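S.K.:
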Amino acid sequence: MIIYPAIDLKDGQCVRLVQGKVENKTVYSSDPAAMAASFQAQGAQWLHIVDLDGALNGQPQNLKAIKQIAGRIDIPFQVGGGMRRLEDIAAVLEIGASRVIIGTRAVTSPHFMEKILKEFGSDKIILGLDAREGMVAIEGWVEKSSLDALVFGKQMHSLGFKTAVFTDVSRDGLLQGPNLDFTRTIAEQTGLSIIASGGVSSVENIKSLREIEKKGVSGVIIGKALYDGKITIQEALDAAKGGH
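One rule links them: number in our numbering = place in the sequence shown (from 1) + 1.
Okay, here's the thing in structure tokens:
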């Protein structure tokens, strides 16, 4: 199971929001590239980067910061937030991202997803499956759609998606632990390989997710818990491998 330290970008800074709300913002670093390099030095094998401004504005806003991160690390990274046009996806992949996460556009235009998957391939394009109370959340989590998250996940798998970042928005940034039951259900029933996100706050949470790895949970994203010192990258890596 892969551990993905999260770097959330807002106005070029490394921040964390609570439940995606801009008013609940904490700035952790004005140098995201240094933060990324630090995560790599601590043993991280992947990074998860979110352009928060992009998610809210509908197109990437922090390409400069992403480019700086790419220049400082050797490990692969994935980027989400505002990825709704072919040219934006191409630009982020050109900067050096290994994968791009598509959320809102997958909900509003499933046929466009077929075009994107055909253009870039399912190894480069992964689904951002964000849910609030079982329904898909879009537009930077501001809007709750009338789409059932489980049904949507199945639809996207049938379109050709292989991997999804699944976030229970209600848990994000609260350090209350992930929604294990729903994560397991999404992994078991959609056929997607799931990267779990939202609320991970302890070694125990990672061990619990590892127990459902065989159901289809391939990774876990950790944000606030790392920044607040609740868990170290080494501890997370050990737990993901089954260590103590």
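For glycine and all other residues, C-beta sits at the position ideal for the given N, C-alpha and C. It should be emphasised that the depicted structure is a prediction, and the values quoted were computed from it without experimental measurement.
#1: Let's see if you can read the secondary structure: which residues bound the alpha helix (DSSP H) around VAL204?
#2: Taking only the alpha-carbon atoms, compute the straight-line gap between LEU53 and ASP169 and give it to the nearest angstrom.
#3: Applying the criterion that 16 or more other CB atoms from any shown protein chain within 10 Å of the CB defines a buried residue, is PRO6 buried or exposed?
#4: Would the beta-carbon of ILE234 fall within 7 Å of that of GLY44?
#5: Distance, Cα to Cα, ILE96 vs ALA71?
#6: By the DSSP assignment, the beta strand (DSSP E) with GLN79 in it spans what residues?
#7: Alpha carbon to alpha carbon, how far is ALA264 from ALA107?
#8: With a threshold of 6 Å on Cβ separation, who are the neighbours of HIS158 within its own chain once the five nearest residues in sequence on each side are excluded?
#9: Evaluate CYS15 with the Cβ neighbour count: other Cβ atoms within 10 Å of its Cβ, from every protein chain shown; 16 or more gives buried, anything less gives exposed.
#10: Beta-carbon within less than 6 Å of GLY141's beta-carbon, same chain only, minus the 5 sequence neighbours each way: which residues are those?
#11: Compute the distance between the beta-carbons of ILE74 and ALA98, then report whether it is under 7 Å.
#12: Can you give me the start and stop residues for the beta strand (DSSP E) that LYS11 sits inside?
#13: With H, G and I counted as helix, E and B as strand and the rest as coil, what does DSSP make of THR233?
#14: Less than 7 Å between the beta carbons of GLY220 and ALA188, yes or no?
#15: Going by alpha carbons, who is nearest to GLY81 out of LYS119, LYS231, GLY122, LEU130?
#16: Are SER198 and VAL152 touching if we call contact CB-CB under 7 Å?
#17: Express the C-alpha separation of ILE3 and ARG100 in angstroms, rounding to a whole number.
M.R.: Short version:
#1: The residue you call residue 204 lines up with position 203 of the sequence shown. Run containing VAL204: 204-212, per the alpha helix (DSSP H) assignment.
#2: Taking the sequence shown and counting its residues from 1, the one referred to as residue 53 is at position 52. Taking the sequence shown and counting its residues from 1, the one referred to as residue 169 is at position 168. Rounded to the nearest angstrom, the two C-alpha atoms are 17 Å apart.
#3: Counting from one through the sequence shown, the residue named residue 6 turns up at place 5. Result: buried.
#4: Indexing the sequence shown from 1 puts residue 234 at position 233. Indexing the sequence shown from 1 puts residue 44 at position 43. Contact flag set, yes.
#5: Within the sequence shown, numbered from 1, the residue matching residue 96 stands at position 95. Within the sequence shown, numbered from 1, the residue matching residue 71 stands at position 70. Answer to the nearest angstrom: the Cα atoms are 7 Å apart.
#6: As a first step, residue 79 must be located in the sequence shown, where it is residue number 78. Taken as a continuous stretch (DSSP letters only), the beta strand (DSSP E) holding GLN79 covers 78-81.
#7: Outside the displayed range of the chain (2 to 245) lies residue 264, so it cannot be described from this structure.
#8: As a first step, residue 158 is located in the sequence shown; it is residue number 157 there, counting from the start. Closer than 6 Å at the Cβ level, and outside the excluded window around HIS158, lie THR191, GLY192, LEU193.
#9: Stepping through the sequence shown from its first residue, residue 15 is reached at position 14. Buried, since its Cβ has 16 or more Cβ neighbours within 10 Å.
#10: For the purposes of this step, residue 141 is identified with residue 140 of the sequence shown, where counting begins at 1. Its pLDDT being 47, under 50, GLY141 is placed unreliably in this model, and the value from its coordinates should be taken loosely. Cβ within range, chain order: ALA56, LEU57.
#11: Locating residue 74 in the sequence shown gives position 73, counting from the first residue. Locating residue 98 in the sequence shown gives position 97, counting from the first residue. For ILE74 and ALA98, no; Cβs fall outside 7 Å.
#12: The residue you call residue 11 lines up with position 10 of the sequence shown. Note, LYS11: beta strand (DSSP E), 3-11.
#13: For the purposes of this step, residue 233 is identified with residue 232 of the sequence shown, where counting begins at 1. Reduced to three states, the DSSP call for THR233 is coil.
#14: For the purposes of this step, residue 220 is identified with residue 219 of the sequence shown, where counting begins at 1. For the purposes of this step, residue 188 is identified with residue 187 of the sequence shown, where counting begins at 1. Cβ distance not < 7 Å, so GLY220 and ALA188 don't count as in contact.
#15: Locating residue 81 in the sequence shown gives position 80, counting from the first residue. Per the Cα distances, LEU130.
#16: By 1-based counting over the sequence shown, the position of residue 198 is 197. By 1-based counting over the sequence shown, the position of residue 152 is 151. No, these two residues do not count as a Cβ contact at 7 Å.
#17: In the sequence shown, the residue the question calls residue 100 occupies position 99. In the sequence shown, the residue the question calls residue 3 occupies position 2. About 15 Å.
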